[in-house]
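Colleague:
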Amino acid sequence: MSDPIQRANDALKAQQILAPVSRQAAAEGIVLLRNHQHVLPLLPSDKVSLFGRCQVDYYRSGTGSGGAVNVPYTVNAVQGMQNNQSINLNQELVAIYQDWLANNPFDDGGGGWAAEPWFQHEMPLDDNLVSRAKSISNKAVVFVGRTAGEDQDNALTKGSFLLTDTEQKMIDTVCAHFDQVIVVLNVTNVIDMSWLDEGENRDSIKGVLYSWAAGMEGGDALADILSGDVTPSGRLTDSIAYQLSDHPSDENFGSDVRNLYVEDIYVGYRYFETFAPEKIRFPFGAGLSYTSFSKQLNSYTVEGSAADAVLHFDVLVTNTGNQYSGKEVASLYVTAPQGKLGQPIKALVGFNKTSTLAPGESEILTIRVPAHVLSSYDDSGVTGHKSCWLLEAGDYQFSLGGSVREAAHIDACWSIKSTLIIDQVSEALAPVIAFERIKPELSEGSFSLGLEAVNTRSIDLEKRIIDNLPTSYTITGDKGIRLEDVKQGRAEMRDFIAQLNAHQLATIVRGEGMCSPKVTPGTAAAFGGVSDELFQFGIPVAAASDGPSGIRMDSGHPASQVPIGTLLACTWNTELNHQLYTLVGKEMQANEIDTLLGPGMNIHRHPLNGRNFEYFSEDPFLTGKMACAQTLGLKHAGVSGTVKHFAANDQETGRHHVDSVMSERALREIHLKGFEMVVKEGEASTIMTTYNPVNGHWTASSYDLNTTILRQEWGYTGIVMSDWWAKMNHCVSGGEESISFTSFMVRSQNDLYMVVENDKAEHGGHNDDTLAALDNGTLTIGELQRCAMNICRFIIDAPVMQRPLKAYEPIKPFSPKSQADEHAILLESNTPLGTKNNTTRTIRVTQAGVYRCSVQASYEKDSLAQSTCSLLINDDFAMTFSLNGTEGKTQTVEGVPIRLEVGDYHLQFNFVKPGLYLDSLTLVQS
Numbered sequence: 001m002s003d004p005i006q007r008a009n010d011a012l013k014a015q016q017i018l019a020p021v022s023r024q025a026a027a028e029g030i031v032l033l034r035n036h037q038h039v040l041p042l043l044p045s046d047k048v049s050l051f052g053r054c055q056v057d058y059y060r061s062g063t064g065s066g067g068a069v070n071v072p073y074t075v076n077a078v079q080g081m082q083n084n085q086s087i088n089l090n091q092e093l094v095a096i097y098q099d100w101l102a103n104n105p106f107d108d109g110g111g112g113w114a115a116e117p118w119f120q121h122e123m124p125l126d127d128n129l130v131s132r133a134k135s136i137s138n139k140a141v142v143f144v145g146r147t148a149g150e151d152q153d154n155a156l157t158k159g160s161f162l163l164t165d166t167e168q169k170m171i172d173t174v175c176a177h178f179d180q181v182i183v184v185l186n187v188t189n190v191i192d193m194s195w196l197d198e199g200e201n202r203d204s205i206k207g208v209l210y211s212w213a214a215g216m217e218g219g220d221a222l223a224d225i226l227s228g229d230v231t232p233s234g235r236l237t238d239s240i241a242y243q244l245s246d247h248p249s250d251e252n253f254g255s256d257v258r259n260l261y262v263e264d265i266y267v268g269y270r271y272f273e274t275f276a277p278e279k280i281r282f283p284f285g286a287g288l289s290y291t292s293f294s295k296q297l298n299s300y301t302v303e304g305s306a307a308d309a310v311l312h313f314d315v316l317v318t319n320t321g322n323q324y325s326g327k328e329v330a331s332l333y334v335t336a337p338q339g340k341l342g343q344p345i346k347a348l349v350g351f352n353k354t355s356t357l358a359p360g361e362s363e364i365l366t367i368r369v370p371a372h373v374l375s376s377y378d379d380s381g382v383t384g385h386k387s388c389w390l391l392e393a394g395d396y397q398f399s400l401g402g403s404v405r406e407a408a409h410i411d412a413c414w415s416i417k418s419t420l421i422i423d424q425v426s427e428a429l430a431p432v433i434a435f436e437r438i439k440p441e442l443s444e445g446s447f448s449l450g451l452e453a454v455n456t457r458s459i460d461l462e463k464r465i466i467d468n469l470p471t472s473y474t475i476t477g478d479k480g481i482r483l484e485d486v487k488q489g490r491a492e493m494r495d496f497i498a499q500l501n502a503h504q505l506a507t508i509v510r511g512e513g514m515c516s517p518k519v520t521p522g523t524a525a526a527f528g529g530v531s532d533e534l535f536q537f538g539i540p541v542a543a544a545s546d547g548p549s550g551i552r553m554d555s556g557h558p559a560s561q562v563p564i565g566t567l568l569a570c571t572w573n574t575e576l577n578h579q580l581y582t583l584v585g586k587e588m589q590a591n592e593i594d595t596l597l598g599p600g601m602n603i604h605r606h607p608l609n610g611r612n613f614e615y616f617s618e619d620p621f622l623t624g625k626m627a628c629a630q631t632l633g634l635k636h637a638g639v640s641g642t643v644k645h646f647a648a649n650d651q652e653t654g655r656h657h658v659d660s661v662m663s664e665r666a667l668r669e670i671h672l673k674g675f676e677m678v679v680k681e682g683e684a685s686t687i688m689t690t691y692n693p694v695n696g697h698w699t700a701s702s703y704d705l706n707t708t709i710l711r712q713e714w715g716y717t718g719i720v721m722s723d724w725w726a727k728m729n730h731c732v733s734g735g736e737e738s739i740s741f742t743s744f745m746v747r748s749q750n751d752l753y754m755v756v757e758n759d760k761a762e763h764g765g766h767n768d769d770t771l772a773a774l775d776n777g778t779l780t781i782g783e784l785q786r787c788a789m790n791i792c793r794f795i796i797d798a799p800v801m802q803r804p805l806k807a808y809e810p811i812k813p814f815s816p817k818s819q820a821d822e823h824a825i826l827l828e829s830n831t832p833l834g835t836k837n838n839t840t841r842t843i844r845v846t847q848a849g850v851y852r853c854s855v856q857a858s859y860e861k862d863s864l865a866q867s868t869c870s871l872l873i874n875d876d877f878a879m880t881f882s883l884n885g886t887e888g889k890t891q892t893v894e895g896v897p898i899r900l901e902v903g904d905y906h907l908q909f910n911f912v913k914p915g916l917y918l919d920s921l922t923l924v925q926s
């Protein structure tokens with residue numbers, strides 16, 4: 001590790017450069033859905049009253065690993081509007097809210113994992129208060145806030161998907177007094193919007209916008225939009241239906257055993273536009289501007305032919321307004337022939353976004369559509385080409401617009417006379433449970449909803465695995481080859497890996513964490529040279545940090561938090577996403593972090609998925625393009641993004657065991673398409689599998705997922721890691737799952753098990769069965785060597801390989817305070833703490849030496865929850881104690897050994913992620 005002061009300075013500089021770009025992205029991802037009578041932008045002559053506590057208690061992200069960033073600051077909505085000189089606020093009302101909040105503080109649920117409630121209780125409003133506000137202001141902004149997060153889905157209840165009674169009354173009361181009301185949704189996921197239709201005075205709601213959770217710069221970005229400093233250009237990446245039950249996945253969402261993906265490829269707008277357009281309140285791609293634009297096809301050409309064809313669309317976009325400059329999105333949809341497979345009415349196949357256009361200014365956008373983007377997968381053989389990507393004969397017609405509903409037919413058609421084969425592959429990861437899926441049936445000129453049986457697995461999976469076993473290299477022992485020799489081309493990777501014995505190979509497939517002392521404090525995992533023996537071969541220890549919206553360091557060290565994934569996708573701006581994540585990557589470099597655990601790219605299959613905020617969209621093409629932009633940005637900065645969760649992590653309820661059962665077609669066209677794009681176009685080098693099984697196989701041990709599809713079909717050469725404390729089951733027969741079945745993980749080519757406890761990688765982790773499987777012949781040494789080579793190839797290209805190779809020093813020295821402290825207590829082996837809150841102790845050491853440090857702690861949550869507390873000694877970071885839920889049972893949490901001289905030491909315990917209870921501190925001289 002480099003000098004901590006220099007690292008901190010470098011990180012601060014990176015944050016300062018990143019902040020304005022994060023603010024720009026936040027503003028571009030805000031979606032304006034209603035702007036009646038031009039209530040927005042706010043005019044200098046307007047005076048505005050703000051209602052709702054989220055004006056102050058602003059949600060900058062969701063909860064769980066995707067939101068747990070320790071930010072240096074947060075600009076809330078009030079601060080953002082106060083920072084904007086053209087916005088005139090009713091400061092009297094702001095003061096009333098601030099006084100009320102002082103007595104009704106934010107409820108974090110105790111700070112524990114998944115404990116924060118979805119909503120915060122609102123200040124009750126009475127007519128006198130609102131009438132007074134109306135007497136001194138002419139417009140009202142009402143804030144509604146929601147969070148969401150890992151380990152709990154949202155619910156069809158008041159305070160989650162639905163408004164609370166107090167929120168409903170807040171809107172009712174404000175609308176009764178104001179005739180110009182703007183509702184700002186500071187939410188992580190889409191919520192119910194029936195309040196637009198119900199109750200008196202609903203016509204008062206002139207403006208509605210989703211500001212989402214926009215990171216630490218969100219308040220300034222919101223003010224940019226409200227003031228008109230920035231013209232809104234965000235567009236929805238999801239369809240907003242009138243009723244939750246209108247979604248085709250609703251009947252098959254929320255089970256903790258299995259969910260049948262009956263909707264198949266008809267997710268989101270693919271379903272609604274085909275079968276039920278009348279059920280949509282706001283369509284996919286909806287979003288308003290302060291100006292107007294025209295879009296017209298300027299030219300259409302086809303380059304190449306057949307499977308190599310690329311369709312080129314040049315679109316002329318003109319700002320036809322006369323006052324505001326702005327950006328506009330041009331989106332292209334295909335209407336494919338129904339053929340024998342059946343198709344949605346429209347599917348997104350391309351998009352682009354303009355630069356800022358002044359009134360009257362035009363720009364030509366180019367949209368390229370390779371033939372493979374138009375292809376479909378035949379999983380049944382109905383076309384005569386089973387397990388094949390193809391285009392059926394007929395006319396492929398195109399529509400151009402902003403939203404899917406606005407997209408109008410253009411004079412561009414690509415005709416195919418006979419079935420066009422794009423790629424013949426193999427059946428892989430087909431379901432083993434029979435069920436039926438949606439398929440359109442044409443009746444009297446419109447489509448009705450039909451059903452057809454889904455094909456189940458027909459291949460011999462065991463034979464596939466045995467036929468494709470990798471070469472086993474004879475173990476040679478240490479021949480003096482080091483990893484740097486491989487990097488410099490002086491040795492082959494296979495010769496390097498052949499030096500490692502079975503024990504060393506079993507060690508390298510285990511990552512350590514959380515908060516490993518071998519890497520940047522407080523990060524999620526250390527992997528690579530996690531033992532002294534591996535380090536002697538020149539394998540450094542790489543660091544992984546939680547993401548995707550910023551660096552999570554449970555040590556308490558600050559980092560930037562950028563907007564949530566959904567907002568970033570709502571920008572429809574790949575260049576901006578690339579720029580933003582290049583800067584995130586530079587901040588990672590400053591903090592010596594090699595890979596960010598993100599972007600998240602699962603599909604928004606259902607609005608209640610608690611982790612939708614980490615993901616981009618209901619659409620796989622948009623998801624893939626956004627993920628590519630972010631991974632390429634990170635790579636540009638010299639780091640990597642670990643794309644996740646591979647695949648079909650579509651709900652948090654029962655996420656460790658609920659089986660996602662779907663057809664091969666749905667898997668490949670919807671749930672894997674984005675991952676395929678990020679591998680082939682986004683140059684991804686790290687992937688994280690999910691907790692859940694897909695078609696009976698836990699993904700960390702799914703051979704077809706991790707080898708047949710990912711590596712053999714897509715040509716992926718990077719690493720695959722499990723999610724933290726994941727389970728695996730048999731690669732062929734499925735069945736029982738366990739965290740100990742790492743042999744099935746290795747066989748599937750999920751290279752890294754994440755994670756075992758710190759310093760436990762060389763001692764077997766969770767009593768895993770890797771070495772036992774080698775002994776009994778159910779795993780070959782070649783399969784283990786294959787994973788080790790994947791890991792080492794990644795490390796060769798990672799930043800850690802460019803830093804000086806420095807051995808881990810487990811003993812950290814500390815100097816005593818310069819002056820004696822009269823309150824110091826004599827060091828005893830056991831110091832009582834008895835706290836869940838930040839606390840301090842001052843101790844006096846009378847005998848110099850090395851001390852082993854540990855705490856006795858408990859945590860009421862279950863084993864998948866995480867809580868952390870950092871220890872600073874004389875204001876210098878010493879270590880982080882990380883604890884998973886113990887269900888209230890006290891456990892010993894080992895820290896790192898420290899060297900203490902004679903003198904007084906100030907100990908500061910900071911609860912970075914609250915929840916655990918510190919009973920006592922143990923310092924024993926060793």
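If you're matching positions, the sequence shown starts at 1 in full-length UniProt numbering and goes up one per residue.
All C-beta atoms, glycine included, are put in the ideal place defined by N, C-alpha and C.
Note that the coordinates shown come from a computational prediction; the quantities given were computed from them, not determined experimentally.
For the putative contact between residue 223 and residue 80, defined by C-beta atoms under 8 angstroms, what is the C-beta separation to the nearest angstrom?
Modeller: In the sequence shown, the residue the question calls residue 223 occupies position 223. In the sequence shown, the residue the question calls residue 80 occupies position 80. Indeed they touch by this definition, with Cβ atoms about 4 angstroms apart.
Colleague: According to DSSP, is residue 941 part of a helix, a strand, or is it coil?
Modeller: What the structure shows of the chain is the stretch from 1 to 926, and residue 941 is not part of that stretch, so it cannot be assessed.
Colleague: Under 8 angstroms: do the region 11-29 and the region 144-160 share three or more Cβ pairs, one atom per stretch?
Modeller: Too few Cβ pairs lie closer than 8 angstroms, so no.
Colleague: Could you spell out the range, first to last residue, of the alpha helix (DSSP H) harbouring residue 927?
Modeller: Residue numbering for the chain in the displayed model covers 1 to 926; residue 927 lies beyond these limits and cannot be assessed.
Colleague: Cβ of residue 597 within 8 angstroms of Cβ of residue 644?
Modeller: Translated into the one-based positions of the sequence shown, residue 597 becomes position 597. Translated into the one-based positions of the sequence shown, residue 644 becomes position 644. Taking 8 angstroms as the Cβ cut-off, residue 597 and residue 644 qualify as a contacting pair.
Colleague: Can we say the region 432-448 touches the region 301-317, given the rule of at least three CB pairs closer than 8 angstroms?
Modeller: Not touching, per the Cβ criterion.
Colleague: Spatial neighbours of residue 412 within its chain, please: CB distance less than 7 angstroms, with the 5 preceding and 5 following residues excluded, ordered by chain position.
Modeller: In the sequence shown, counting from the first residue as 1, residue 412 sits at position 412. Closer than 7 angstroms at the Cβ level, and outside the excluded window around residue 412, lie 297, 300, 313, 398.
Colleague: What is the rounded straight-line gap between the Cα of residue 48 and the Cα of residue 175?
Modeller: On the sequence shown, position 48 is the one that residue 48 refers to. On the sequence shown, position 175 is the one that residue 175 refers to. One C-alpha to the other measures close to 14 angstroms.
Colleague: Looking at the unbroken beta strand (DSSP E) that takes in residue 210, where does it start and where does it end?
Modeller: Looking up residue 210 in the sequence shown gives position 210. Taken as a continuous stretch (DSSP letters only), the beta strand (DSSP E) holding residue 210 covers 205-210.
Colleague: Measuring alpha carbon to alpha carbon, tell me which of 259, 71, 87 ends up nearest residue 654.
Modeller: The residue given as residue 654 occupies position 654 in the sequence shown. Considering only alpha carbons, the answer is 259.
Colleague: Should the region 482-489 be called in touch with the region 536-543, which here means at least 3 C-beta pairs below 8 angstroms?
Modeller: Touching, per the Cβ criterion.
Colleague: Contact defined as beta carbons within less than 8 angstroms: I believe residue 240 pairs with residue 190. What is the distance between those atoms, to the nearest angstrom?
Modeller: By 1-based counting over the sequence shown, the position of residue 240 is 240. By 1-based counting over the sequence shown, the position of residue 190 is 190. Between residue 190 and residue 240 the Cβ distance is about 6 angstroms, and since that is below 8 angstroms, they are a contact.
Colleague: Would the region 727-747 count as touching the region 668-684 if we require 3 or more Cβ pairs under 8 angstroms?
Modeller: In short, these stretches do not touch, since the Cβ pair count stays below three.
Colleague: Determine the contact status of residue 289 and residue 326, defining contact as a CB-CB distance below 8 angstroms.
Modeller: The count along the sequence shown starts at 1 and reaches residue 289 at position 289. The count along the sequence shown starts at 1 and reaches residue 326 at position 326. For residue 289 and residue 326, yes; Cβs fall inside 8 angstroms.
Colleague: Reducing DSSP to helix, strand and coil, say where residue 158 ends up.
Modeller: In the sequence shown, residue 158 corresponds to position 158, counting from 1. Reduced to three states, the DSSP call for residue 158 is strand.
Colleague: Are the region 439-446 and the region 752-769 touching by the rule of at least three beta carbon pairs closer than 8 angstroms?
Modeller: Cβ pair count under 8 angstroms is below three, so no.
Colleague: Alpha carbons only, please: which of 631, 119, 590, 562 is nearest the one belonging to residue 29?
Modeller: As a first step, residue 29 is located in the sequence shown; it is residue number 29 there, counting from the start. Among 631, 119, 590, 562, the Cα nearest to that of residue 29 is on 562.
Colleague: Applying the criterion that 16 or more other CB atoms from any shown protein chain within 10 Å of the CB defines a buried residue, is residue 36 buried or exposed?
Modeller: Mapped onto the sequence shown, residue 36 falls at position 36. Exposed, because fewer than 16 other Cβ atoms sit within 10 Å of the Cβ of residue 36.
Colleague: Considering only DSSP beta bridges, list what residue 907 is partnered with.
Modeller: Numbered from its first residue, the sequence shown carries residue 907 at position 907. In the DSSP output, where bridge partners are listed per residue, residue 907 has 841, 873.
Colleague: Are the beta-carbon atoms belonging to residue 682 and residue 631 less than 8 angstroms from one another?
Modeller: If you number the sequence shown from 1, residue 682 lands on position 682. If you number the sequence shown from 1, residue 631 lands on position 631. Yes; because the gap between Cβ atoms is below 8 angstroms, this pair is in contact.
Colleague: Of the residues 109, 136, 910, 475, which one's Cα is nearest the Cα of residue 861?
Modeller: Sequence index remark: in the sequence shown, residue 861 carries index 861 (1-based). Nearest option by C-alpha distance: 109.
Colleague: Is it the case that the region 49-67 contacts the region 607-621, given that we only count it when at least three CB pairs across the two stretches are under 8 angstroms?
Modeller: Yes, the region 607-621 touches the region 49-67.
Colleague: Just to confirm before moving on: does the CB-CB distance between residue 331 and residue 401 stay below 8 angstroms?
Modeller: As a working mapping, residue 331 is identified with position 331 in the sequence shown. As a working mapping, residue 401 is identified with position 401 in the sequence shown. A contact, by the Cβ cut-off of 8 angstroms.
Colleague: Could you check whether residue 344 and residue 274 sit closer than 8 angstroms to each other, using their CB atoms as the reference points?
Modeller: Residue numbering aside, residue 274 sits at position 274 when the sequence shown is read from its first letter. Residue numbering aside, residue 344 sits at position 344 when the sequence shown is read from its first letter. Cβ atoms of residue 274 and residue 344: closer than 8 angstroms.
Colleague: How about residue 579 and residue 633: do their beta carbons lie closer than 8 angstroms?
Modeller: As a first step, residue 579 is located in the sequence shown; it is residue number 579 there, counting from the start. As a first step, residue 633 is located in the sequence shown; it is residue number 633 there, counting from the start. Contact: yes.
Colleague: Between the beta-carbon of residue 317 and the beta-carbon of residue 303, is there less than 8 angstroms?
Modeller: Here residue 317 corresponds to residue number 317 of the sequence shown, with the count starting at 1. Here residue 303 corresponds to residue number 303 of the sequence shown, with the count starting at 1. In this structure, residue 303 does not lie closer than 8 angstroms to residue 317 by Cβ.
Colleague: Between the beta-carbon of residue 513 and the beta-carbon of residue 526, is there less than 8 angstroms?
Modeller: Taking the first residue of the sequence shown as 1, we reach residue 513 at position 513. Taking the first residue of the sequence shown as 1, we reach residue 526 at position 526. Yes, the pair counts as a contact, with Cβ atoms nearer than the cut-off.
Colleague: What are the boundary residues of the beta strand (DSSP E) that includes residue 917?
Modeller: As a position in the sequence shown, residue 917 is number 917, starting the count at 1. Its beta strand (DSSP E) spans residues 917-925.
Colleague: Would you identify the three-state DSSP class for residue 551, choosing helix, strand or coil?
Modeller: Indexing the sequence shown from 1 puts residue 551 at position 551. Three-state DSSP puts residue 551 in coil, outside helix and strand.
Colleague: Grouping DSSP H, G and I as helix and E and B as strand, with all else coil, what is residue 229?
Modeller: Position 229 of the sequence shown, counted from the first residue, corresponds to residue 229. In this structure, residue 229 counts as coil in the three-state DSSP scheme.
Colleague: Identify the residues that DSSP records as bridge partners of residue 879: which are they?
Modeller: Position 879 of the sequence shown holds residue 879. Residue 879 is bridged to 871.
Colleague: What is the DSSP secondary structure of residue 616, reduced to helix, strand or coil?
Modeller: Translated into positions along the sequence shown, residue 616 becomes position 616. Correct three-state label for residue 616: coil.
Colleague: Is the region 275-286 touching the region 402-410, taking contact as three or more C-beta pairs under 8 angstroms?
Modeller: At 8 angstroms Cβ cutoff, the stretches touch.
Colleague: Kindly give me the distance between the Cβ atoms of residue 608 and residue 647, rounded to whole angstroms, as I take these residues to be in contact under 8 angstroms.
Modeller: On the sequence shown, position 608 is the one that residue 608 refers to. On the sequence shown, position 647 is the one that residue 647 refers to. Contact flag wrong, Cβ pair sits at about 19 angstroms.
Colleague: If you reduce the DSSP assignment to three classes, tell me which class residue 316 lands in.
Modeller: Here residue 316 refers to the residue found at position 316 when the sequence shown is read from its first residue. Residue 316 falls in the strand class under three-state DSSP.
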